[in-house]
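Here is the structure we will look at.
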Amino acid sequence: MTPEPTAPAFDSDVEAAIRENHPALITYITAGDPSLEDTKAYVEALDRGGSDLIELGLPFSEPIAEGPTIQGAINRALEAGTTPAGFFDLIDDLETDAPLLVMTYYNMILQFGNSEAPCASNSNSEAPRASNSDAASLRNEPTVGPFVERAAEAGLSGIIVPDLPAEEADPLRTACDEHGIDLVFIVAPTTEGERLDRIMSQVSGFAYVQARLGTTGARANVSTATHESLSRLSDYDVPKAVGFGVSEGDHAAEIIEAGADGVIVGSALVDIIADHGAGGAPAADALESKVRELKRGAVRGGDATTDEEQPEPEHP
Amino acid sequence: MSNGTFDGYGGRHVPEPLLEPLEQLAGAYDDIATDDEFQTDLRGLLEAFAGRPTPLYHASNLSERYDAEIYLKREDLLHGGAHKINNALGQALLAKRAGRDRLIAETGAGQHGTATAMVGALLDLETEIYMGKKDVERQEMNVFRMRLMGAEVNEVTRGGEGLADAVDAALEDFAKNVDDTHYLVGSVVGPDPFPRMVRDFQSVIGEEAREQIRERTGELPDAAVACVGGGSNAIGLFHAFREDDVAFYGAEGGGDGADSSKHAAPLANGTDDVIHGMKTRVIDNDVDVHSVSAGLDYPGVGPEHAMFRAVGRCEYQGVTDEEALAAFRELSETEGIIPALESSHAIARAIQLAEDGEHETILVNLSGRGDKDMETAASKFEL
Ligand SMILES: Cc1ncc(COP(=O)(O)O)c(C=O)c1O
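Line by line, the protein sequences are chains W and D.
Residue 316, in full-length UniProt numbering, is where the first sequence stops; the numbers in between run on with no holes.
Residue 383, in full-length UniProt numbering, is where the second sequence stops; the numbers in between run on with no holes.
Structure below.
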């Protein structure tokens with residue numbers, strides 16, 4: 001039996017953005033690549049081009065899920081001195097139609113809690129003597145609260161944390177519920193059974209369906225794993241968006257035709273940013289037109305689905 | 001302790017696609033590593049290929065100088081020159097039995113990469129090593145050794161070009177190639193089951209040392225000392241003494257000093273955090289990871305050490321570059337044994353303890369030999 005996803009205790013902007021703009025286009029770029037000012041212009045371009053949701057990567061120095069393309073973006077952003085504080089200032093400044101999500105690693109969320117905590121740093125180098133000490137007093141438990149609070153204040157609608165397993169997600173889920181923010185989880189081709197149930201009981205906004213094994217990166221073909229993943233998820237009543245490997249409008253069309261509610265594009269956009277080096281208007285224009293192409297593809301895929309009168313994924 | 005956590009530290013903080021392969025690995029480890037055939041094969045190779053048991057050496061000149069009884073567990077005499085082979089043999093045998101035909105590994109000092117290259121050649125497994133550019137330069141001899149044994153060495157140029165970046169690159173490779181590849185993690189770090197698996201394979205160090213020192217002195221030592229990079233040689237030594245009245249001391253890479261902004265001492269001076277798939281202690285964001293020894297130059301540490309620290313079972317302290325170099329020279333001159341720069345941190349800490357005079361018998365893990373560090377030594381000491 002399939003446990004129902006626990007409905008979030010708030011109205012989800014993220015879910016609404018997908019349902020109202022079905023089939024949805026979700027775009028990703030790394031904040032601070034090549035600078036936070038450029039990111040502002042790029043996000044506005046993604047918004048103008050027709051993104052229905054925009055994910056912004058908050059760079060972390062040990063990103064364990066990314067392929068070379070996004071690693072490169074993260075390195076450029078770190079070299080440009082991107083910090084969580086600067087990132088949130090940018091979000092404060094942004095006004096977009098598309099709700100914004102942050103994608104980052106658990107470390108960044110905990111570190112934010114550490115630096116905000118009243119008794120933050122543990123510069124006490126006197127370690128305890130063997131076998132007589134009070135364990136609790138030595139532990140500085142970092143918390144997720146400050147990050148989520150700041151995210152809510154800046155107007156972010158959702159959080160994605162690739163290295164946070166669902167079984168460890170309770171604190172973050174609770175904090176997100178308190179602040180009315182969605183917590184999106186990634187579902188891999190190998191995710192099934194109990195783990196799938198656990199993820200689906202924690203997820204809100206949408207399920208991020210990874211189309212194929214491996215790390216992110218633009219690829220030429222859309223994998224058949226999309227079809228399989230979607231059919232495994234068809235019993236869960238949460239929007240499904242498919243990512244990893246989408247670089248062209250035709251890919252987007254295929255994915256939507258396979259039954260997805262949305263398509264996620266990252267590496268292809270990051271490539272455009274990398275190709276334009278120092279940034280500026282040409283990069284923004286190129287992003288905007290790529291986004292238009294992708295959104296058109298998604299809509300085309302959606303039309304094909306309605307023509308066949310096949311709203312639910314029923315793939316072999 | 002349950003599900004791969006050490007009192008809350010550890011766990012599997014990895015992207016979803018890696019969870020299934022890790023679960024499979026944990027299953028294979030639980031099934032295969034406990035069977036008699038596996039244990040017999042492993043023991044045979046540890047003896048005949050790696051050179052176990054290693055001697056326990058009473059460092060009499062050093063003992064006399066500092067008025068304490070200092071014993072060295074001679075892991076430096078193992079094949080390859082460090083304790084790393086204990087773990088590499090165990091994991092490679094497991095990978096072979098689980099049907100993998102490719103090994104990948106990260107390496108800092110190049111000792112773990114060398115050990116992986118050795119077992120790759122031995123068991124006929126394709127082997128690829130990730131090593132930061134900074135380390136390729138300072139541990140060049142080991143790069144040549146790995147290549148000679150048929151391993152491909154990939155120079156990692158991202159980030160700080162060090163051990164942490166090599167781990168990133170190896171994890172990325174693993175995520176792409178989970179079907180045929182075993183990631184032979186080199187220390188008690190990373191997601192479960194690596195910390196407990198590597199600990200189990202390294203525990204032979206302490207098991208032997210415990211027997212040897214009792215035979216020699218009739219009792220257990222007062223203190224056990226080891227350097228801590230990821231923490232495998234330290235856990236390997238400590239594990240057998242966990243329930244004993246033996247004080248544990250871990251020497252981290254203190255770099256310019258644990259209060260400076262350049263060190264690799266997350267236990268003495270860090271915060272609870274998540275890195276490389278585990279919840280553990282990590283150096284602060286505004287600290288640049290640095291140690292004169294490539295094998296200790298890592299921003300995190302094994303989760304079991306984070307637990308030991310939290311419950312007060314072990315005392316961790318940074319040993320500075322300068323202190324380690326002095327110990328490197330001192331052991332060479334007094335005993336005619338050239339320690340690895342990593343192990344020199346443990347020697348330095350043992351000397352401090354002997355000077356403090358609180359412990360009479362001090363057991364030190366001499367985790368590796370210093371041949372690989374000759375170029376660093378030659379330039380520091382103008383040899
Ligand atoms: C000789 C030696 N000792 C110690 C270490 C540190 O690793 P660990 O803390 O896992 O023992 C290394 C790592 O390269 C090493 O080569």
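Ideal Cβ placement from N, Cα and C applies to all residues, glycine included.
Everything numeric in this text was worked out from a predicted model, so none of it was measured.
Which one or two residues does DSSP pair with P162 (chain W) in a beta bridge?
Bridge partners of P162 (chain W): none, in fact.
Measuring straight from C-alpha to C-alpha, what distance separates N285 (chain D) and L19 (chain D)?
Distance between N285 (chain D) and L19 (chain D), taken at the CA atoms: about 27 Å.
I'd like the ranges of any beta strand (DSSP E) spanning at least 3 consecutive residues and lying wholly in the segment 235-294 of chain W.
Here the runs fully enclosed are 240-243 and 262-265.
In whole angstroms, what is the alpha-carbon distance linking residue 318 (chain W) and A207 (chain W)?
In this structure chain W extends from 1 to 316, so residue 318 (chain W) is not present and cannot be described.
Give a yes or no on whether the minimum CB-CB distance between V187 (chain W) and chain D is below 8 Å.
V187 (chain W) belongs to the set of residues whose beta carbon lies under 8 Å from a beta carbon in chain D.
For Q210 (chain W), write down the residues that DSSP places opposite it in a beta bridge.
Answer is W:G243, bridged to Q210 (chain W).
Please tell me whether L171 (chain D) has its Cβ less than 8 Å away from any Cβ of chain W.
With 8 Å as the cut-off, L171 (chain D) counts as an interface residue toward chain W.
Return helix, strand or coil for F49 (chain D), following the three-state DSSP convention.
Note: F49 (chain D) maps to helix in three-state DSSP.
First through last residue of the beta strand (DSSP E) which encompasses residue 398 (chain D)
Since the first residue of chain D shown is 1 and the last is 383, residue 398 (chain D) is not available in this structure.
Note down, in chain order, each residue of its chain lying with its Cβ closer than 6 Å to the Cβ of G49 (chain W), except the 5 sequence neighbours on either side.
So the list reads E288, V291 and R292, once near-sequence residues are dropped.
Sorted by chain position, which residues of the same chain lie with C-beta nearer than 7 Å to F185 (chain W)'s C-beta, five sequence neighbours on each side aside?
Hits under 7 Å: A166, I199, Q202, V203, A207 and Y208.
Return the residues of the segment 148-173 of chain D that lie within a Cβ-Cβ distance of less than 7 Å from chain W, sorted by chain order.
Under the 7 Å Cβ criterion, the segment 148-173 of chain D contributes R158, G159, A164, D168, L171 and E172.
What is the DSSP secondary structure of A115 (chain D), reduced to helix, strand or coil?
When secondary structure is reduced to three states using DSSP, A115 (chain D) falls in the helix class.
Here's a check: name, in chain order, each residue in its chain whose Cβ is nearer than 8 Å to the Cβ of L22 (chain D), leaving out the five neighbours to either side.
If we look at L22 (chain D) and ignore the five residues flanking it on each side, its Cβ neighbours are R12, V14, P191, D192 and P193.
What residues in its chain sit with their C-beta under 8 Å from that of D97 (chain W), if we drop five residues either side in the sequence?
Closer than 8 Å at Cβ, skipping near neighbours: D47.
Starting from T39 (chain W), trace the alpha helix (DSSP H) in both directions and tell me its first and last residue.
Here the alpha helix (DSSP H) through T39 (chain W) covers L36 to G49.
Going straight from the alpha carbon of G162 (chain D) to that of G266 (chain W), what length do you get?
Computed Cα separation, rounded: 28 Å.
Okay, do the segment 248-261 of chain D and the segment 119-130 of chain D touch, 3+ Cβ pairs below 8 Å being the bar?
These segments do not touch.
Suppose you measure from the CA of V14 (chain W) to the CA of Y28 (chain W); what does that come to, to the nearest Å?
Put simply, the backbone Cα of V14 (chain W) is about 15 Å away from that of Y28 (chain W).
Does any CB atom of chain D fall closer than 8 Å to the CB of L58 (chain W)?
Chain D contact via Cβ: absent.
Nearest chain W C-beta to P266 (chain D) closer than 8 Å, yes or no?
No, P266 (chain D) lies away from the interface with chain W (no Cβ there is under 8 Å from its Cβ).
Is the segment 218-237 of chain D close to the segment 194-206 of chain D, with three or more CB pairs under 8 Å?
Yes: the two stretches touch, three or more of their Cβ pairs being nearer than 8 Å.
Cα separation between A154 (chain W) and F147 (chain W)?
When rounded, the distance between both Cα atoms is 11 Å.
Ordered along the chain, which non-local residues of its own chain (more than five positions away) have a Cβ less than 7 Å from that of A278 (chain W)?
The answer, listed in chain order, is P34.
Counting only the same chain and skipping the five closest in sequence on each side, list residues whose C-beta sits under 7 Å from that of Q212 (chain D).
The answer, listed in chain order, is L56.
Same chain only: Cβ atoms within 7 Å of S61 (chain W), ignoring 5 sequence neighbours per side:
Non-local C-beta neighbours of S61 (chain W) in its own chain, meaning closer than 7 Å and more than five positions away in sequence, comprise L78, ordered along the chain.
In whole angstroms, what is the alpha-carbon distance linking F238 (chain D) and G4 (chain D)?
Between F238 (chain D) and G4 (chain D), the alpha-carbon positions lie close to 19 Å from each other.
Closer than 8 Å, Cβ to any Cβ of chain W: which residues of the segment 120-139 of chain D, in chain order?
From the segment 120-139 of chain D, no residue has a Cβ closer than 8 Å to chain W.
8 Å Cβ cutoff met for M278 (chain D) and G10 (chain D):
Result yes, Cβ atoms of M278 (chain D) and G10 (chain D) sit closer than 8 Å.
Can you pull the chain D neighbours of residue 329 (chain W), defined as C-beta to C-beta under 8 Å?
In the structure displayed, chain W extends from 1 to 316; residue 329 (chain W) sits before or after that span and is not available.
Extent of the continuous beta strand (DSSP E) to which N365 (chain D) belongs
From DSSP, the beta strand (DSSP E) with N365 (chain D) extends over T361 to L366.
Rounded to a whole number of angstroms, what is the C-alpha to C-alpha distance between A348 (chain D) and A327 (chain D)?
Spanning the two alpha carbons is a distance of roughly 5 Å.
Given 8 Å as the limit, is there contact between the segment 356-372 of chain D and the segment 127-136 of chain D, that is, 3 or more CB pairs closer than that?
Taking 8 Å as the limit for Cβ pairs, the verdict is that the segment 127-136 of chain D does not touch the segment 356-372 of chain D.
For the alpha helix (DSSP H) that D273 (chain D) lies in, which residues bound it at each end?
Annotation: D273 (chain D) is outside any alpha helix (DSSP H); the continuous beta strand (DSSP E) that includes it extends over T271 to I275.
Heavy atom of ligand 3 within 7 Å of K84 (chain D) beta-carbon:
Ligand 3 is absent from the structure shown, which contains only ligand 1.
Near G145 (chain W), what residues of its chain come up, given a Cβ to Cβ distance below 6 Å and the 5 sequence neighbours on each side ignored?
Taking C-beta separations shorter than 6 Å and ignoring five residues to either side along the sequence, the partners of G145 (chain W) in its chain run A175, following chain order.
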